[in-house]
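Residue numbers (the numbering used here): 1069 to 1990.
Here's what the structure looks like:
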């Protein structure tokens, strides 16, 4: 503390050189003054207290803890800082010994993500799940063996601290647990780095143990050198090998002890602890097998009068060697499977160039050169909204923000899947983690740390990977009692062969498994140990989470956010996709293409009246009309409109200068303005004239009519909304995958039909003039027909249908309501990602089925084989070491098979053909 206070006083001395304090105080470096409770406090040099005063007041540590925003230092004040201009942030910052305040429990709404260590197999995961499910505070819990996480849904109304209480309860049950930090960017980063270091250390320790174990295996088998030399033809050296002494039983016993208390000790200790707490795991089975082999061999050696002749000290040594080999390979495969999320989290740079100076000096010249900027490198976590950062070519952006200076191209592929750099200039939005390619940019921070898009994506992916696929429940039901069942089968195997089997099948006593003396005890023990060791609950526990982890990671790299294994599994089963039109199939950027008038009303007057009424609503057509009127200098103030009304699906109306003006569908407008008797020819005439201006437009065409009280329908406005260029290709791709495609919209049938014709959707699958509740009912009706429905939308009016669908798919850039209701988010805002999501879901689900089949088939075949099912008829049996090798490599096979998703082609390229822009509807 004394050192921190001395550094604080040095900073005070530096600040004393400044002529003005309010704009120059570096508030992220220095503590706020005593009594200042808000970020808006203004501090001047006379308010600064000395280090001595701070050390004698009870508020000192509180002041040192509180770090506030880093203000910009006006350029004119920089000379007063002397040599500080070239100082680093580390030299400027106050090194405070902060007493860490308790981190807020990481929750998102009513969910908590827990990091659980000590889970070794499906039995451990089942034990964790039972512990959480038995807690009355938990509504549901999903455990991921691969990522060592547990996603917990809390019951409503519980305090945020509940997550920490659950972590403590799990820790007491033998699984060290901590709450994943999301709210605090610095805490989240530190925690993620600590977990990564812990996994690296664990892998390093396992590798060392593997080396020692296989060294002992080599020593243990060295007495077989004579047989090897014979086989190689060196007969003169084969007899009396100098290593034959290693085959002496007492030496073999010493080697086995070294293996059990050396590289095998962590495994044996963990297995014993799990057994004592009533939740045996994979380590328990291996430990019992190895310990049993050693105990029988030791008893045979120490008590020769027993006549057991059951010395097989090699078996526990080789068993541990194979198990550790499998564990090491499995750990490396797990780490490889998790690299995508780690890479995503590491996109955020550790440092940022914080710009200090007035806004005029923070500009980057458009010609690519930069005006001199005063900036210092600061930890990214210290940047706050409103601060400006300088990003040079080749550097990653540290914050979400908007460009306030410079022009460049930014690589956003890691977030959106878009392969080409995106041009950015002043006013453009940028995201943390993307890479600046061409010129320097000055960016004003909008969101930082845990609130950035990158952090949100990382959080969503991590939470998704902790959520189970429904098919995992089958593995959970099996893996829960699996270990106890295997222990029972092992005991039954011993009892059968020792008590009855050798009598029914006496010829088995002549097999190698019975030893040279045909010992029934030795045979029974070996087969019982084989059953313990060959069983592999790990393969069952890893079958689904490995595939989900790789699938969600691949999705994140392609700009697809799939919210969990359940979303992946359901997406794989989708056979019907329903598209909203406006903003989904179309770009959602409407514009006025033509204006047609009737009678003596001037064109400008018609547009002004329509814009005034439309300024009271937020429909895309309304926005287009208002923007066009404003561009022509016409008044569009909503305050000039009285008694504004909006009729969803029909139009809007209001009183302008005392007269009712209506904009919308022809019949409704005619009804509102009191001219129901207008001939139908007027509608066709106005529509034809309005559509002439948009007939060549590559987009969705919409015509709205304008009526004025006392004058009838006086005109029409033609609006276009360009169809997305990849819409037709997306529909073709889905149809190739056997998926039925439909379109629904609240717009007129003619407009919706024109879009459907352009993109290849059959007229029978076109639904128009629907309200939000109609869309929801349509989705429900499709589900009632046993269809698995995916709904694609982007607006508030799509949220009910998105929630009603089996899979809700929202385009990034739409409304928050749509994204919240969706289970898949297209970060690239590309319609083609819908086909990619379906293909990825199917590929991932296929891997899950393959993994589960392998895990179940392996145990179904391996356990009877280990129990001696083929021994009487074919003289085929296993040894404990071979059984251990089979068990170890079964888990490796499951993880490796999931990793093959990376090298496979998930979604074929879009079918060749013409991609058309489709008419746009409002």
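From the three backbone atoms N, C-alpha and C, an ideal C-beta is built for every residue, glycine too.
CA-to-CA distance, residue j to residue i, given in whole angstroms
{"i": "residue 1336", "j": "residue 1330", "result": "10 Å"}
{"i": "residue 1669", "j": "residue 1459", "result": "55 Å"}
{"i": "residue 1707", "j": "residue 1678", "result": "14 Å"}
{"i": "residue 1493", "j": "residue 1823", "result": "33 Å"}
{"i": "residue 1955", "j": "residue 1649", "result": "53 Å"}
{"i": "residue 1584", "j": "residue 1578", "result": "8 Å"}
{"i": "residue 1681", "j": "residue 1720", "result": "7 Å"}
{"i": "residue 1177", "j": "residue 1469", "result": "With a pLDDT of 47 at residue 1177, under the threshold of 50, the predicted position of this residue should be treated as unreliable, though the coordinate-derived value follows. Distance between the alpha carbons of residue 1177 and residue 1469 is about 26 Å."}
{"i": "residue 1472", "j": "residue 1916", "result": "48 Å"}
{"i": "residue 1836", "j": "residue 1814", "result": "6 Å"}
{"i": "residue 1953", "j": "residue 1928", "result": "17 Å"}
{"i": "residue 1429", "j": "residue 1465", "result": "Residue placement at residue 1429 is flagged as unreliable, the pLDDT there being 41, under the threshold of 50; the coordinate-derived value follows with that caveat. Each residue's alpha carbon lies about 20 Å from the other."}
{"i": "residue 1526", "j": "residue 1618", "result": "14 Å"}
{"i": "residue 1685", "j": "residue 1959", "result": "59 Å"}
{"i": "residue 1858", "j": "residue 1394", "result": "41 Å"}
{"i": "residue 1809", "j": "residue 1832", "result": "11 Å"}
{"i": "residue 1986", "j": "residue 1416", "result": "Unreliable placement is indicated for residue 1986, whose pLDDT of 32 sits below 50; the coordinate value is still reported in the next sentence. Going from the Cα of residue 1986 to the Cα of residue 1416 covers about 38 Å."}
{"i": "residue 1664", "j": "residue 1703", "result": "19 Å"}
{"i": "residue 1264", "j": "residue 1346", "result": "30 Å"}
{"i": "residue 1753", "j": "residue 1826", "result": "25 Å"}
{"i": "residue 1209", "j": "residue 1633", "result": "14 Å"}
{"i": "residue 1667", "j": "residue 1641", "result": "57 Å"}
{"i": "residue 1211", "j": "residue 1488", "result": "38 Å"}
{"i": "residue 1266", "j": "residue 1239", "result": "17 Å"}
{"i": "residue 1919", "j": "residue 1962", "result": "6 Å"}
Residue j beta carbon less than 9 Å from that of residue i
{"i": "residue 1787", "j": "residue 1769", "result": "yes"}
{"i": "residue 1467", "j": "residue 1479", "result": "no"}
{"i": "residue 1244", "j": "residue 1184", "result": "yes"}
{"i": "residue 1524", "j": "residue 1449", "result": "no"}
{"i": "residue 1655", "j": "residue 1791", "result": "yes"}
{"i": "residue 1930", "j": "residue 1576", "result": "no"}
{"i": "residue 1934", "j": "residue 1611", "result": "no"}
{"i": "residue 1805", "j": "residue 1903", "result": "yes"}
{"i": "residue 1274", "j": "residue 1392", "result": "yes"}
{"i": "residue 1812", "j": "residue 1957", "result": "no"}
{"i": "residue 1288", "j": "residue 1237", "result": "no"}
{"i": "residue 1738", "j": "residue 1718", "result": "no"}
{"i": "residue 1387", "j": "residue 1936", "result": "no"}
{"i": "residue 1848", "j": "residue 1872", "result": "yes"}
Residue(s) in a DSSP beta bridge with residue i
{"i": "residue 1926", "result": "Answer by DSSP bridge pairing: none, since residue 1926 is not bridged."}
{"i": "residue 1718", "result": "Its beta-bridge partners do not exist; DSSP assigns none."}
{"i": "residue 1503", "result": "1464, 1479"}
{"i": "residue 1727", "result": "1724"}
{"i": "residue 1644", "result": "1808, 1857"}
{"i": "residue 1556", "result": "Its beta-bridge partners do not exist; DSSP assigns none."}
{"i": "residue 1419", "result": "1447"}
{"i": "residue 1245", "result": "1184"}
{"i": "residue 1208", "result": "1221"}
{"i": "residue 1835", "result": "1812"}
{"i": "residue 1272", "result": "Beta-bridge pairing links residue 1272 to no other residue."}
Own chain residues within Cβ distance below 7 Å of residue i, not counting five before or after
{"i": "residue 1078", "result": "Low per-residue confidence applies at residue 1078: pLDDT is 46, beneath 50, and the placement is therefore not dependable, though the value from the model is reported in the following sentence. Result list for residue 1078: empty, nothing under 7 Å."}
{"i": "residue 1443", "result": "1421, 1422, 1423, 1424, 1458"}
{"i": "residue 1506", "result": "1461, 1476, 1477"}
{"i": "residue 1971", "result": "none"}
{"i": "residue 1742", "result": "1777"}
{"i": "residue 1453", "result": "1513, 1514, 1515, 1516"}
{"i": "residue 1351", "result": "1188, 1335, 1338, 1339, 1342"}
Beta-carbon contacts of residue i that lie in its chain and below 6 Å, excluding the five residues immediately before and after
{"i": "residue 1241", "result": "1199"}
{"i": "residue 1692", "result": "1658, 1659, 1660, 1787"}
{"i": "residue 1129", "result": "Confidence at residue 1129 is low in this model, with a pLDDT of 29, below 50, so its placement is unreliable and no value can be given for it."}
{"i": "residue 1509", "result": "1459, 1471, 1474, 1476"}
{"i": "residue 1905", "result": "1628, 1639, 1892"}
{"i": "residue 1939", "result": "1576, 1945"}
Own chain, CB closer than 8 Å to residue i, minus 5 neighbours either side, in chain order
{"i": "residue 1205", "result": "1222, 1223, 1226, 1230, 1233, 1234"}
{"i": "residue 1705", "result": "1680, 1683"}
message: Ignoring anything shorter than 4 residues, give me the alpha helix (DSSP H) runs that lie fully in the region 1553-1614, in order along the chain.
response: 1588-1602
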